[in-house]
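Asker: Below is one structure. I have some questions about it.
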Amino acid sequence: MTLAPTALLITPEAEVIPVDLPGDSGARLTAMYSLMRCDQVDVVALTDQVDMWLDDNGFYTQPVNPVATLLARRFGRTYQDYHGPVLLTGGADDEGETLPLNRDKMLAILAALADL
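Note that numbering that gives the first Met the number 0 has the sequence shown beginning at 0, numbered continuously upward.
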């Protein structure tokens with residue numbers, strides 16, 4: 000059985016890669032560190048239903064991610080450039096757990112990226 004992607008990875012080189020993150024929060028965080036090549040993450044809520052995860056120290060250690068920066072600006076986050084690989088996930092549930100991107104959210108983000 001093939002799992003559907005639950006997140007999108009956007010690299011500074013403008014690659015957009017669907018990925019499947021583990022459901023367990025500890026394993027998910029480990030996977031996020033690996034995918035983003037970092038050891039601390041931060042999150043920016045682009046909408047109530049879409050979060051952008053990034054390297055907390057990326058401003059100092061990673062190149063600008065032009066696609067992530069343009070996407071964030073599209074959602075009103077105009078105050079800075081974003082650096083390094085980023086992960087897009089669904090928002091959070093009532094307990095603060097990260098939610099996966101469902102199919103409709105994934106398609107909407109891909110359409111928004113195509114318009115950038």
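Note that CB positions come from ideal geometry on N, CA and C, so glycine has one too. Model, not experiment: these values are computed from the prediction.
Using DSSP with H/G/I as helix, E/B as strand and the rest coil, what is T60?
Answerer: Reduced to three states, the DSSP call for T60 is helix.
Asker: Residues in the same chain with beta-carbon distance under 8 angstroms from Q39, minus the five sequence neighbours each way, listed in chain order, please.
Answerer: Excluding sequence neighbours, Q39 sits near D54, D55 and N56.
Asker: Under 8 angstroms, with one C-beta from each stretch per pair, do the stretch 94-103 and the stretch 15-29 reach the 3-pair mark?
Answerer: Segments in contact, yes.
Asker: In the DSSP assignment, find the beta strand (DSSP E) that holds L87 and state where it starts and stops.
Answerer: Segment V85 to G89, the beta strand (DSSP E) holding L87.
Asker: Does the stretch 24-32 come into contact with the stretch 60-78, if we say contact requires no fewer than three beta-carbon pairs (one atom in each stretch) closer than 8 angstroms?
Answerer: Short answer: they don't touch.
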